[in-house]
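Sequence order for the protein chains is A and B.
Using the working numbering, the first residue of the first sequence is number 2, and each one after it goes up by one.
Using the working numbering, the first residue of the second sequence is number 48, and each one after it goes up by one.
Encoded as structure tokens, the structure appears first; notes follow it.
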Amino acid sequence: MISSFPPGLIMIIGALLIPFLPHIIRQIYMMVLILVSAYALTLGFGLHYKIEIMDIQFIIFQSDALTLPFAIIFHIAAILNVIYGAHEKDWNQHVAIMSYSGAAIAAVHAGDLLTLFVWWEATAFTSVFLILASKTQRSYKSAFRYILIQVGSGMFLLAGAILLISETGNAEFKTFDINSLYGQLIFIAFGIKAAFPLLNGWLQDSYPEASEIGTVALSTFTTKLAIFCFAKSFAGTEILIIIGAIMTFYPIFFAVIENDLRRVLTYSLNNQLGFMIVAIGIGTELAINGAVAHAFAHILYKGLLFMGMGAVLYRVGTCKASELGGLFKFMPITAICTIIGAISISAFPLFSGFVAKSLIMSALGKEGLVFVYFMLLFASAGVLHHSGIKIPFFAFFAHESGIKTKEAPLNMIIAMIIASALCILIGVFPSYFYEVLPHQIQYQPYDFSHVVGQLQLLTFAAFAFICLWHFKIYPPELNSTVLNSDWIYRKMIPGILLPLLGLISDINKKIEQFIVFIFISIKRFFSDTMIKNKVFDREVGQDTLIVVQLFIILLIFIFVWKIYL
Amino acid sequence: MKYLIEKFGKINTSVLFLCIIFLILELIGHRYGETSIEDILFFPAFFGYLSCIIIFKLGVSLRSFLMKDEDYYDK
Numbered sequence: 002m003i004s005s006f007p008p009g010l011i012m013i014i015g016a017l018l019i020p021f022l023p024h025i026i027r028q029i030y031m032m033v034l035i036l037v038s039a040y041a042l043t044l045g046f047g048l049h050y051k052i053e054i055m056d057i058q059f060i061i062f063q064s065d066a067l068t069l070p071f072a073i074i075f076h077i078a079a080i081l082n083v084i085y086g087a088h089e090k091d092w093n094q095h096v097a098i099m100s101y102s103g104a105a106i107a108a109v110h111a112g113d114l115l116t117l118f119v120w121w122e123a124t125a126f127t128s129v130f131l132i133l134a135s136k137t138q139r140s141y142k143s144a145f146r147y148i149l150i151q152v153g154s155g156m157f158l159l160a161g162a163i164l165l166i167s168e169t170g171n172a173e174f175k176t177f178d179i180n181s182l183y184g185q186l187i188f189i190a191f192g193i194k195a196a197f198p199l200l201n202g203w204l205q206d207s208y209p210e211a212s213e214i215g216t217v218a219l220s221t222f223t224t225k226l227a228i229f230c231f232a233k234s235f236a237g238t239e240i241l242i243i244i245g246a247i248m249t250f251y252p253i254f255f256a257v258i259e260n261d262l263r264r265v266l267t268y269s270l271n272n273q274l275g276f277m278i279v280a281i282g283i284g285t286e287l288a289i290n291g292a293v294a295h296a297f298a299h300i301l302y303k304g305l306l307f308m309g310m311g312a313v314l315y316r317v318g319t320c321k322a323s324e325l326g327g328l329f330k331f332m333p334i335t336a337i338c339t340i341i342g343a344i345s346i347s348a349f350p351l352f353s354g355f356v357a358k359s360l361i362m363s364a365l366g367k368e369g370l371v372f373v374y375f376m377l378l379f380a381s382a383g384v385l386h387h388s389g390i391k392i393p394f395f396a397f398f399a400h401e402s403g404i405k406t407k408e409a410p411l412n413m414i415i416a417m418i419i420a421s422a423l424c425i426l427i428g429v430f431p432s433y434f435y436e437v438l439p440h441q442i443q444y445q446p447y448d449f450s451h452v453v454g455q456l457q458l459l460t461f462a463a464f465a466f467i468c469l470w471h472f473k474i475y476p477p478e479l480n481s482t483v484l485n486s487d488w489i490y491r492k493m494i495p496g497i498l499l500p501l502l503g504l505i506s507d508i509n510k511k512i513e514q515f516i517v518f519i520f521i522s523i524k525r526f527f528s529d530t531m532i533k534n535k536v537f538d539r540e541v542g543q544d545t546l547i548v549v550q551l552f553i554i555l556l557i558f559i560f561v562w563k564i565y566l
Numbered sequence: 048m049k050y051l052i053e054k055f056g057k058i059n060t061s062v063l064f065l066c067i068i069f070l071i072l073e074l075i076g077h078r079y080g081e082t083s084i085e086d087i088l089f090f091p092a093f094f095g096y097l098s099c100i101i102i103f104k105l106g107v108s109l110r111s112f113l114m115k116d117e118d119y120y121d122k
């Protein structure tokens with residue numbers, strides 16, 4: 002009975018009880034909710050639950066080889082989030098995280114676009130509270146922009162779904178043709194959530210404004226849900242290779258100059274999404290496995306990096322590279338876990354990033370996409386630069402910031418240690434990890450060429466950074482704002498639109514004044530000619546009035562004669 | 048060795064030695080890449096080093112027009 006209950010749904014319904022529970026019981030209750038939700042995964046593949054409303058079928062719970070790895074990692078991430086946020090006594094964030102995770106898990110199991118739309122919007126409305134939880138003016142504004150964009154993405158999805166129903170009679174969530182209009186609308190909806198180039202501004206704008214536990218949750222679900230949707234509906238769509246390659250490429254430069262380390266991680270997130278999008282665009286079994294493996298591993302190591310920076314933010318109150326440094330001696334466990342996350346994302350052998358990224362690179366090599374291959378190889382060196390070195394180096398080493406603090410709370414440490422252990426286990430035992438992936442393939446990431454090639458690439462990239470830093474070529478981090486695509490709607494459009502609106506308003510006023518002037522002139526004319534000592538003047542004699550009346554009668558007579566005769 | 052550690056620091060020297068070890072490894076075994084260009088001797092090492100420098104140079108050059116005051120959006 003419990004197993005046939007749609008996964009995720011129990012977490013959303015159960016979240017309603019969270020405000021009424023005392024702190025410790027609440028944490029245990031949330032863990033139980035996640036485990037009950039995960040129990041539904043034992044039901045196996047197939048269509049498990051659907052309902053029909055007004056002749057429309059809503060497929061609430063269906064599972065296959067693609068949903069399983071996403072469902073597993075979403076449940077693991079939900080558990081890690083509960084542990085990581087256990088120190089937080091405010092129930093608001095726990096309700097938000099629980100329902101947000103539940104909505105994402107439910108979305109993965111949706112079998113039609115209308116059900117997906119419901120959960121798609123639910124992820125937006127629940128996650129926005131994690132940004133608001135920072136309770137700063139910046140976070141309020143950012144949350145407003147975030148919800149507008151997320152809901153906007155949902156509108157594209159809904160429009161696509163309606164068109165699909167009108168054309169085919171159903172809204173089954175399946176492979177879509179990019180050449181159809183509904184396919185394009187759905188593609189844009191997914192693209193917004195996957196933070197495509199120029200649609201990515203919301204990611205760097207909102208995630209770093211969220212609370213320390215909120216950012217960890219945010220980094221897990223929204224974008225990876227979009228990756229799942231692309232893998233399900235647009236696998237093999239070639240344009241994704243180009244989009245993905247651009248996504249891996251440009252965020253690296255932004256990450257290099259960004260000062261806020263959590264924002265650096267969002268650029269890094271964008272870059273990692275690019276690897277997955279490229280793999281989905283290739284669309285072969287090896288590539289799809291690579292995309293899913295990368296999403297799986299990425300949730301763990303990116304979550305771990307956000308946890309590390311969240312712990313720093315919680316203890317120190319800032320995540321700015323220019324203000325941090327030398328925290329290793331105060332937060333050694335946090336530092337070590339962050340370094341493990343950094344090594345994993347850099348794809349060092351024996352860590353999760355290596356066994357996931359190798360699949361994508363091999364898929365690219367097999368398909369002969371040499372140019373894209375080298376773009377991704379270049380991006381790999383960039384990942385090492387901004388996530389592998391910059392994050393741990395500027396937070397825990399670099400220079401002595403003078404900040405004195407203490408280690409992260411125990412619950413944060415436990416969550417970070419579990420995530421670190423998973424990053425290493427996946428890297429050391431890739432065969433078990435590969436068994437979870439959608440396609441059963443034979444792949445061996447640990448051969449001499451792979452390992453030596455990757456180690457050379459990474460150590461020499463690290464050595465280049467060392468040289469730049471040691472010889473003082475690397476410039477100091479500065480308190481600043483780095484312009485991103487959100488500049489378009491935050492500065493450029495208001496910059497053009499507001500003066501334009503002012504101009505329209507001025508023209509409107511002028512026209513209004515002109516019309517008023519015309520009316521006043523006419524009024525004055527009639528007043529001067531007809532009233533003031535003229536025909537309607539009281540002083541005028543009776544004979545004048547008779548002449549006027551006769552003239553009017555004559556006019557009426559001519560009018561009637563013209564019409565009827 | 049002592050001079051190198053003094054001048055360059057322990058960690059930096061360790062990384063340098065690792066670099067040398069991985070280069071030697073390539074001479075011992077046969078490394079091949081996913082593409083034929085990668086088969087060039089020490090290609091990943093050159094590529095990694097140059098990529099990092101290019102990323103740094105381009106990133107820093109972007110500072111002049113992408114970097115604004117911290118309160119840029121609040122003005």
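For every residue, glycine included, the Cβ atom is placed at its ideal position computed from N, Cα and C.
Predicted, not measured: the structure shown is a model, and the values here were computed from it.
I'd like to know if residue i contacts chain A, where contact means its C-beta is closer than 8 Å to some C-beta of that chain.
i: Ile-100(B); result: yes
i: Lys-115(B); result: yes
i: Tyr-50(B); result: no
i: Glu-53(B); result: no
i: Leu-105(B); result: yes
i: Leu-109(B); result: yes
DSSP state of residue i, grouped into three classes?
i: Phe-394(A); result: helix
i: Val-152(A); result: helix
i: His-49(A); result: strand
i: Asp-113(A); result: strand
i: Ile-61(A); result: strand
i: Ile-179(A); result: coil
i: Val-384(A); result: helix
i: Thr-482(A); result: strand
i: Ile-54(A); result: strand
What's the gap between the Cα of residue i and the Cα of residue j?
i: Ser-167(A); j: Ala-236(A); result: 24 Å
i: Arg-525(A); j: Lys-115(B); result: 59 Å
i: Asp-487(A); j: Leu-370(A); result: 32 Å
i: Asp-471(A); j: Phe-55(B); result: At residue 471(A) the sequence reads His, which differs from the Asp that was named. Taking the straight line from one Cα to the other gives about 8 Å.
i: Gly-403(A); j: Phe-395(A); result: 13 Å
i: His-400(A); j: Asn-93(A); result: 37 Å
i: Phe-430(A); j: Val-437(A); result: 12 Å
i: Leu-158(A); j: Val-152(A); result: 10 Å
i: Glu-513(A); j: Leu-314(A); result: 56 Å
i: Ser-528(A); j: Val-517(A); result: 16 Å
i: His-24(A); j: Lys-90(A); result: 6 Å
i: Ala-78(A); j: Leu-301(A); result: 7 Å
i: Ser-98(B); j: Pro-20(A); result: 51 Å
Would residue i pass as a contact of residue j if the rule is Cβ separation under 8 Å?
i: Met-376(A); j: Phe-250(A); result: yes
i: Ser-359(A); j: Pro-446(A); result: yes
i: Val-356(A); j: Gly-304(A); result: no
i: Ala-227(A); j: Lys-175(A); result: no
i: Cys-66(B); j: Phe-6(A); result: no
i: Lys-405(A); j: Phe-331(A); result: yes
i: Ala-107(A); j: Leu-10(A); result: yes
i: Tyr-50(A); j: Ala-416(A); result: no
i: Ile-60(A); j: Asp-113(A); result: yes
i: Arg-316(A); j: Lys-407(A); result: yes
i: Ser-388(A); j: Ala-348(A); result: no
i: Asn-480(A); j: Lys-225(A); result: no
i: Leu-325(A); j: Ser-212(A); result: no
Within the 8 Å Cβ cut-off, does residue i reach chain B?
i: Leu-377(A); result: no
i: Ala-465(A); result: yes
i: Val-279(A); result: no
i: Gly-45(A); result: no
i: Tyr-374(A); result: yes
i: Ala-288(A); result: no
Compute every distance between the C-beta of residue i and the non-hydrogen atoms of the ligand HEM, then say whether any falls below 7 Å.
i: Ile-346(A); result: With respect to the ligand HEM, the structure offers nothing, as it holds no ligand at all.
Which of the residues in the stretch 491-504 of chain A, read from start to end, lie with their CB under 9 Å from any CB of chain B? Cβ contacts with chain B: Arg-491, Lys-492.
Cβ-based contacts, 9 Å cut-off: residues of the stretch 414-447 of chain A near chain B: Going along the stretch 414-447 of chain A in chain order, one finds no residue with a Cβ nearer than 9 Å to chain B.
Residues of the stretch 233-260 of chain A with Cβ closer than 7 Å to any Cβ of chain B, in chain order: Ile-253, Phe-254, Val-257, Ile-258
Compile a chain-ordered list of the residues in the stretch 349-369 of chain A whose CB is closer than 9 Å to at least one CB of chain B. Met-362, Ser-363, Leu-365, Gly-366, Lys-367, Gly-369
Going along the chain, which residues of the stretch 56-80 of chain A sit with their C-beta nearer than 8 Å to a C-beta in chain B? none
Can you list, in chain order, the residues of the stretch 59-86 of chain B whose Cβ is nearer than 8 Å to any Cβ on chain A? Within the stretch 59-86 of chain B, the residues whose Cβ lies closer than 8 Å to some Cβ of chain A are Asn-59, Val-62, Leu-63, Leu-65, Cys-66, Phe-69, Leu-70, Leu-72, Glu-73, Gly-76, His-77, Arg-78, Tyr-79, Gly-80, Glu-81, Thr-82, Ile-84, Glu-85, listed in chain order.
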